[in-house]
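Below is one structure, written out as structure tokens; comments come after it.
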Amino acid sequence: EWANLLKAFADAGPVEYNNDNDVNLYKAGKAGIIFDGTWNISGFVETLGAENVVIDPWPTYGDGSLSGYVQTDNIYLGSNVEGDDQAAGWAFMEFFLSPEAQTMLGEVDHIPATLGVEVTSPHLQQAAVAFEAGTAFPVIPEMGAYWGPMDNALLSVLNEGTDPAEALQEAYDAIVAAIEEIRAGQ
């Protein structure tokens with residue numbers, strides 16, 4: 014259903030996928046909407062002016078809403094770390110996730126990774142609201158199996174007019190095979 018929706022976006026105007034044409038058109042004021050990552054907020058604001066950039070929550074559709082992945086950078090503490098090194102690692106992670114550190118990161122346009130941190134930037138506030146309806150990014154090795162097949166499926170639907178059900182079935186088959194390979198190697 015969602016692939017048909019993406020295909021229908023072309024009824025409203027040109028659709029770009031997996032390139033920077035959408036970003037360039039948006040920055041030039043030639044696209045009224047863009048689905049993009051938060052890494053481009055500052056570039057949009059710089060080019061278009063803060064008053065001309067708004068981050069809306071994900072649109073509703075049918076009985077639900079569209080959703081994008083919400084992903085943070087991760088901090089890892091090795092299982093072989095012991096003693097003072099382990100204590101220092103835990104202390105760093107605790108500080109990094111503290112309201113104080115998250116507030117400092119928010120002051121330089123990073124979206125806090127923890128709840129309860131006041132953000133003063135209207136664009137970061139809007140992004141945080143949009144993230145509330147997002148989908149947590151699965152941090153698993155199998156995610157690598159999805160990118161190529163799904164990109165190919167969407168490109169074939171959007172650029173070549175392939176039937177969405179056919180393209181998604183082909184992607185599904187490729188993903189299942191790739192996951193089996195990944196799991197066999199573990």
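Residue numbers for the sequence shown follow my numbering, beginning at 14 and rising by one.
All residues carry an ideal CB built from backbone N, CA and C; glycine is no exception.
In this structure, the CA atom of I68 is about 24 Å from the CA atom of N87.
Looking at the DSSP output, Y82 sits in a beta bridge with T148. Cβ-Cβ distances below 6 Å link T127 to L110, Q115 in the same chain, with the five nearest sequence neighbours on each side left out; the list follows chain order.
Per DSSP, reduced to three states, the secondary structure at T51 is helical.
As computed with DSSP, Y39 is found in no beta bridge at all.
Per DSSP, the continuous alpha helix (DSSP H) segment holding Y185 begins and ends at 177-197. Relative to the Cα of D122, the nearest Cα in the group T148, V58, K40, I153 belongs to V58. Note that the C-beta distance between L118 and G102 is not below 8 Å. Between the region 175-191 and the region 155-167, the count of C-beta pairs closer than 8 Å reaches three or more; the two stretches touch. Out of P151, L181, D24, the CA that lies nearest to the CA of G81 is found in P151. Taking the C-beta atoms as reference points, N31 is found nearer than 8 Å to L168. Here DSSP, grouped into helix, strand and coil, assigns T133 to coil. Around the C-beta of Y39, 16 or more other C-beta atoms lie within 10 Å, and the residue is accordingly described as buried.
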